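Written out as structure tokens, the structure is:
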């Protein structure tokens, strides 16, 4: 890329483009308005304005543009010449002014001298009184005076050569006035012999750190000169300054009014230790609505360094397994965080071994009992894994009608429902660790379950989840505010300071949030280097199917009748009808019997999805494979179970109403059977926690609104312990709502990746026209 192209690209990125009409009457773009610094750069590089205009015009046009100034093919528009000339005269005059500040030797008096820059002759600068084209220069000065009022006194002079400034005007020129002039393209040049390096930094901390969740740390302004902190006496001298220029360290120094105020009112609101750690990690703090640099005390710097270095921990001798390299790294990270007194969130993809890593952490700490709170479906898996990998360590289920706490120093396992009821009882135990497995279950901090979990105290808290962010960043706040209270501020502060800017695409906010949460959240994906080679490949395929005539007729009837009602309603009733429509159409796409509520009518020949499922089942079973079939509807799962039974295909069903012990038996039978049955699973009840590596095929019979939930379900088979390639089949009814939802789901994978990668509500806000286009049946004869 040439120097002209680089400079033009820089100007276009700053929005410096103006419409023009060429001499022969064609629409074009020219770069501008230019600042004196831009003109000086052109002079140094030997670049002409015409070169920049050619590049800028090319950059401003876009493929497919049709308007005169967007179409790559030039448009003849002589009638726009006067309009373009008026814009150029207003926004890109031939001359620009700058202000040169002069001072007496003792800096008792300041004078501002207007200078003129000829924008067509780079390098030509003259005092306004010496510039031959005085009229153009006065127009430019009048423009500057509209931005900074004191310049109007220059316009009143017969010879506008210089203007003496009061101290108040100098302060304003250093602060708001100077910023406004710079934004208007009027730079201000101060005497070189004046030191302008004074700056303010927020300083946090003291000689010692209190407990992370108790006590406060000093937070105050520190003024520096040339990067070196001023002494307390020098700060006092600055605070007492009555003029914009102060003698500091044998040099005259210009100080902005805001800097004097910070020296005078240097004490800020104290921070908690965890807040202080947060600003230390990001290097910035929000003070009075402004992000300012922060200088941490030495103890905080040492803590930051410690958090970046893993503990030198070896695999516990009592662990009857060999940790993979990334699992050992996870153990070292957890050991460092918990021994520091901070909580942590291990957010590895499902199937990468979070359970065994936590068991290893318990063995490493050996400091007391560990309470594991998990969904009911995972109690059996936790008990089996503990007995397998830590034999001899006591493990007790706190669940059921006759539950009691056993003081054995090992593991106590309970469910979120039981914990919610017995939080007061559980809080009487001196837990060393409290672990929240599938921590997304407490993503709503206002829920009774989340409130109950917060009441149980422990030396350290660890969250385990494969999806720290499913729908929005407030879910991340809920998890980390439990593991490390106060780190991200209150929920309202988090939304304003972090979530809203990040979700709006602000890269600076995303980077700062990443720095803040990185030490507390360890996120590994199966695709990461060093992990992917340890898993077999996974193939995901969208399987399009056609609707039968019965399905097509039902689909169009539902659209026609429900859309008529939607068009006549508003508010909550309309939203309810939209959700009813979406649900009904998904059920029709699954099978007419599901939508019609039939339980004993014939099923064959009535659904394109069912026909394809039969083909997949026959092929997979012939190859000796194992198959999981997920559906969000228990009613559909029961229909599939009946249908497969009538075909003589062994099938078993697990849903939210399946008792815990029966779940364990179903999992064991599927894993150990020589020819495993087809396993039908309710998505929400069985999408997490289960280890079903006997399966090498996963079918999503219908699509959930959240791709992260589907990915978790797939990970029942695609996880550590799987030694065969996994094939994922997503059944999608062609020409229907499902086709369009599939495209929408792809876009939902991006949010979490910005900081670390159940949204039907958005669809209820579509207009009638948009909704009709979404649900329209297309491509049917």
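Numbering (my numbering), first residue to last: 72 to 852. Here a beta-carbon is modelled for each residue, glycine too, at the ideal position from N, C-alpha and C. It should be emphasised that the depicted structure is a prediction, and the values quoted were computed from it without experimental measurement.
- As the crow flies, the alpha-carbon of residue 271 is around 13 angstroms from that of residue 290.
- The shortest C-alpha to C-alpha distance from residue 647 to any of 836, 274, 80, 555 is the one to 836.
- Counting other Cβ atoms within 10 Å of its Cβ, residue 326 reaches 16 or more and is therefore classed as buried.
- As the crow flies, the alpha-carbon of residue 256 is around 11 angstroms from that of residue 188.
- Note on residue 733: under 16 other CB atoms within 10 angstroms of its CB, so exposed under the neighbour-count rule.
- Shown here, residue 144 sits in coil according to DSSP, grouped into three states, outside any helix or strand.
- Between the stretch 520-533 and the stretch 434-452, the count of Cβ pairs shorter than 8 angstroms is three or higher; the stretches touch.
- The beta-carbon separation of residue 221 and residue 236, rounded to 7 angstroms, stays under the 8 angstroms limit for a contact.
- With fewer than 16 neighbouring CB atoms inside 10 Å of its own CB, residue 173 falls in the exposed class.
- Taking each of 697, 500, 372, 571 in turn and checking the Cα distance to residue 796, the smallest one comes out for 697.
- Scanning the stretch 504-557 for uninterrupted alpha helix (DSSP H) segments of 4 residues or longer gives 519-525, 545-554, listed from N- to C-terminal end.
- Per DSSP, residue 198 is one residue of the beta strand (DSSP E) stretching across 196-198.
- When the alpha-carbon of residue 196 is set against those of 437, 111, 217, the nearest one is in 111.
- The C-beta separation of residue 316 from residue 323 comes to about 5 angstroms, placing the pair in contact by the 8 angstroms criterion.
- The Cβ-Cβ distance between residue 597 and residue 423 falls below 8 angstroms.
- Under the three-pair Cβ rule at 8 angstroms, the stretch 801-812 counts as touching the stretch 772-783.
- Fewer than three pairs of CB atoms, one per stretch, sit closer than 8 angstroms, so the stretch 301-319 makes no contact with the stretch 541-555.
- Your pair residue 535 and residue 508 checks out as a contact, with CB atoms roughly 5 angstroms apart and the cut at 8 angstroms.
- In this structure the stretch 665-683 does not touch the stretch 740-758; the number of beta carbon pairs closer than 8 angstroms is below three.
- Annotation for residue 366: the continuous beta strand (DSSP E) segment containing it runs 361-367.
- Just so you know, the alpha carbons of residue 122 and residue 845 end up roughly 48 angstroms apart.
- Under the three-pair Cβ rule at 8 angstroms, the stretch 401-418 does not count as touching the stretch 358-365.
- Within its own chain, the residues whose Cβ lies closer than 7 angstroms to the Cβ of residue 79, once the five positions on either side in sequence are excluded, are 102, 123, 126, 127, 130, listed in chain order.
- Counting along the chain, no alpha helix (DSSP H) covers residue 788, and no H or E run does either.
- Partner residues in the beta bridge of residue 415, as assigned by DSSP, are 533.
- Out of 607, 659, 718, the CA that lies nearest to the CA of residue 793 is found in 607.
- Separation of residue 343 and residue 366 (C-alpha to C-alpha, rounded to the nearest whole angstrom) is 16 angstroms.
- Going by beta carbons, residue 479 and residue 462 fall outside the 8 angstroms limit.
- In the three-state reduction of the DSSP assignment, residue 388 falls in the coil class.
- Residue 334 and residue 392 have their C-alpha atoms some 60 angstroms from each other.
- When rounded, the separation of the alpha-carbon atoms in residue 263 and residue 242 is 18 angstroms.
- For residue 742, the three-state secondary structure derived from DSSP is helix.
- Selection 180, 248, 286 evaluated against residue 238 yields 180 as nearest (Cα-Cα).
- A Cβ-Cβ separation of about 13 angstroms leaves residue 469 out of contact with residue 499 under the 8 angstroms criterion.
- Within the stretch 185-253, the complete beta strand (DSSP E) runs of at least 3 residues fall at 196-198, 234-236.
- As DSSP reads the structure, residue 730 sits in no beta bridge.
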